[in-house]
Amino acid sequence: MEGKIRGAGFFDTESATRNIREKALRGGAAMLLSRSVNAGVQFGSAIILARLLGPKDFGLFAMVTAFSLLLANVGYNGFIEAIVQTEDISHQQVSALFWLGLGISVGLAILFSASSYLLVAFYKEPKLAHIAIALSTGFVFNALTTTHLALIMRRIRFRDVMLNEIASVVVSNVVAVAMALKGFGYWALIFRQLVGAFSTALIAWIQCSWRPGLPRRLSQTKRLIEYAARTYINYAVTYLGRNLDKVLIGWRWGPRELGNYDRAYQLFVMPAGQMVTPLASVALATLSRLRDDAERYRRYFLRSLSIIAFFGMFASGILTVAGRDIIIFLLGDQWAKAGHIFTAFGPSVGITLVYGTHSWLHLSLGRPERWLKWSLVALGVTALLFLIGLEFGGIGIAVAYSLSYYLLVGPALLFAGKPIGITAQDIWGQLWKYLAASVLSASTVWLTFARLGLLGAPASGSLLLMRILAVGLTYSLVYCLAVLVFFRSLQPFRDLFVIVREMTARRKPGTDNT
123 MEGKIRGAGF FDTESATRNI REKALRGGAA MLLSRSVNAG VQFGSAIILA
173 RLLGPKDFGL FAMVTAFSLL LANVGYNGFI EAIVQTEDIS HQQVSALFWL
223 GLGISVGLAI LFSASSYLLV AFYKEPKLAH IAIALSTGFV FNALTTTHLA
273 LIMRRIRFRD VMLNEIASVV VSNVVAVAMA LKGFGYWALI FRQLVGAFST
323 ALIAWIQCSW RPGLPRRLSQ TKRLIEYAAR TYINYAVTYL GRNLDKVLIG
373 WRWGPRELGN YDRAYQLFVM PAGQMVTPLA SVALATLSRL RDDAERYRRY
423 FLRSLSIIAF FGMFASGILT VAGRDIIIFL LGDQWAKAGH IFTAFGPSVG
473 ITLVYGTHSW LHLSLGRPER WLKWSLVALG VTALLFLIGL EFGGIGIAVA
523 YSLSYYLLVG PALLFAGKPI GITAQDIWGQ LWKYLAASVL SASTVWLTFA
573 RLGLLGAPAS GSLLLMRILA VGLTYSLVYC LAVLVFFRSL QPFRDLFVIV
623 REMTARRKPG TDNT
């Protein structure tokens, strides 16, 4: 009997959809809080580790993770979405997915370890063999996490996800910093990843009382496996497109250039990861429950898109103008080259956040095959741009990366939103004013400070910090004024205030006003 199964409450669809607006808002607040805390921890850890380790340490680690993370996420990316978006799912089906995912991950871990010599031959770096063998153990930890985390998300219990993320990030980064201080070099980076994966799995099993049953073949599971497979293929194609840069730089320019590029890249994607990833988890769960109501679906998506554009375009301008100074101030003079690369990434921060939302549409509508079609197109465009930029080193690849998002974002959102009736007017109406405000503000601040001789001049310590603060405060003021001018009202700020208030307010059970 399903009712006698431990953790059977995680399969109650009716209670999961009750008060969905309240749950979505609470979930969004919890995940944003989690990401804020995680951002602080990871940011502090990134600064400390960059000062304790060198570009070559990060480059060696990135050479392996460009391949290992793709295999580590087999099942993790796919099974989670399949479980979350399915209207009705049973204990037996989830058990089948659990054992299938675990078996695949164990097999891939063995295969990746045995094939580590191929990485050595490709990059001509002997140290990569034991790095690959060590990282392969993380594949199993991810497999043990997948179904439990998916069931928690399915119930829109994002406070549990928040606590898991915070605990795992804190523990893994403390271990990494301690190892770096003891002189373990790139092993500190390896253990940060492994400890994080293990902690996430352990906490998920504590939070979710469900336990897998004995493996059985079920015909009903075939549909879920097909959905998961299509979703993972989409993820894999996107992953290849967004990691081809690291593979090419490591192969062409070596670990030191890759280390500079990787530090710039990781600090560039941090704003995207801290905002879009938690919102994506909440959005997938919420939009999946709203797909039968097109009007509510579109309203929820476009509202989320507007908020992301507000913050994303703000970040684009400030990181473009002050990016190099920020990197040097935080990481030290040895990372000056990373600062130049970071500046090339800056203009695409906002558009990256916006672009990432197209996957919400594909997955929540149960159409991963459309995502795959688009991902193949995007991979072709991105690969071509990377090959053009490769001869210019890390900064050439960074320019190509930024350009790819601007070329792809419009067609991506239009293609993804077509089945639910989202139009170009809907999308452009949410974006153009924020984009214009960012360009205008960044140009104004850059011209003003450059004319005063305050940009690009050598500086360090407190003088460099004062310059960063001056640029940041001036840009913030100009951006807010520009948004007011373009919108001719306080509406964007009111919308933001309403979202924050709804996320934090105590609401009476039973209300749902989406």
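In the numbering used here, the protein residues as written are 123 to 636. Each residue gets a CB set at the ideal place from its N, CA and C atoms; glycine is no exception. Model, not experiment: these values are computed from the prediction.
Going by DSSP, what residues sit across from residue i in a beta bridge?
i: G197; result: G200
Whose C-alpha, out of the options, is nearest the C-alpha of residue i?
i: A184; options: R446, I312 and L316; result: I312
i: V317; options: V296, R333 and P334; result: V296
i: A272; options: I253, W309, F320 and Q207; result: Q207
i: I517; options: N382, P248 and S428; result: N382
i: I542; options: F320, V186 and D414; result: D414
i: S167; options: Y528, L452, L587 and V567; result: L452
i: C330; options: N286, T343, G372 and S294; result: N286
i: E348; options: I202, V159 and A254; result: I202
i: R616; options: L182, A289, I429 and A172; result: I429
i: D179; options: R364, L591 and L380; result: L380
i: A458; options: T268, L222 and R378; result: R378
i: I544; options: S217, E417 and D455; result: E417
i: G181; options: G363, Q388, L494 and W493; result: Q388
i: V593; options: L612, I519, T360 and A572; result: A572
i: G305; options: F514, Q315 and L174; result: L174
i: R385; options: Q164, V291 and K495; result: Q164
i: R112; options: G575, T269, Y354 and M588; result: One cannot answer for residue 112 here, as it falls past the ends of the chain, which runs 123 to 636.
i: I288; options: M588, A161, L576 and Q456; result: A161
i: Y308; options: P490, I590, A172 and R345; result: A172
i: V186; options: G225, L240 and W221; result: L240
i: G225; options: V391, S294, F263 and A505; result: F263
i: F220; options: V292, P334 and A254; result: P334
If you draw a straight line from the C-alpha of residue i to the C-alpha of residue j, how long is it?
i: D367; j: V521; result: 11 Å
i: G461; j: I449; result: 5 Å
i: I205; j: V369; result: 32 Å
i: M284; j: I463; result: 32 Å
i: A604; j: F433; result: 14 Å
i: I510; j: G502; result: 13 Å
i: V242; j: S190; result: 14 Å
i: T570; j: D447; result: 17 Å
i: A265; j: V620; result: 39 Å
i: S321; j: V567; result: 44 Å
i: G488; j: Y528; result: 26 Å
i: P614; j: P533; result: 25 Å
i: K246; j: V228; result: 27 Å
i: S217; j: S611; result: 53 Å
i: A310; j: S582; result: 28 Å
i: T636; j: L618; result: Bear in mind that a pLDDT of 32 at T636, under 50, signals an unreliable position, so the model cannot answer this.
i: L500; j: G376; result: Leu is not the amino acid found at residue 500; the sequence shown has Ala there. Rounded to the nearest angstrom, the two C-alpha atoms are 26 Å apart.
i: R338; j: W496; result: 35 Å
i: W332; j: M275; result: 13 Å
i: R345; j: L587; result: 55 Å
i: Q215; j: R314; result: 33 Å
i: A251; j: S237; result: 9 Å
i: S584; j: D455; result: 14 Å
i: P177; j: I371; result: 13 Å
Enumerate in chain order the residues of its own chain whose CB-to-CB distance from residue i is below 8 Å, with the five nearest sequence positions on each side excluded.
i: Y357; result: N195, N199 and G200
i: T267; result: Y198, A319, T322, A323 and A326
i: P248; result: V242
i: L336; result: S217
i: L494; result: R352, I355, N356 and V359
Within a Cβ cutoff of 7 Å, which residues of the same chain sit near residue i, ignoring the five residues on either side of it in sequence?
i: L507; result: A522, L525 and S526
i: R374; result: L512
i: L193; result: L230, F234 and F261
i: F608; result: K555, A558 and A559
i: A351; result: G200
i: V531; result: I473, V476 and Y477
i: L409; result: Y419, Y422, F423, W482 and S486
i: I169; result: L452 and L453
i: L553; result: A431 and V476
i: L498; result: V359
Which same chain residues, not among the five before or five after residue i, have their C-beta less than 6 Å away from its C-beta?
i: A138; result: Model confidence at A138 stands at a pLDDT of 49, short of 50, so the residue's coordinates are unreliable and nothing is read from them.
i: Y601; result: F436, A559 and S563
i: S258; result: A231, F234 and S235
i: Y361; result: L192
i: G125; result: Its pLDDT being 45, under 50, G125 is placed unreliably in this model, and the value from its coordinates should be taken loosely. So the list is empty, once near-sequence residues are dropped.
i: G96; result: One cannot answer for residue 96 here, as it falls past the ends of the chain, which runs 123 to 636.
Three or more beta-carbon pairs under 8 Å between the region 431 to 449 and the region 463 to 471, yes or no?
yes
Taking contact to mean at least 3 C-beta pairs separated by less than 8 Å, is the region 294 to 310 in contact with the region 274 to 285?
no
I want to know whether the region 476 to 493 touches the region 529 to 537 - three or more CB-CB distances under 8 Å.
yes
Cβ contact check for the region 545 to 560 and the region 423 to 440: 3 or more pairs under 8 Å:
yes
Using 8 Å as the Cβ pair cut-off and three pairs as the minimum, do the region 563 to 573 and the region 585 to 605 touch?
yes
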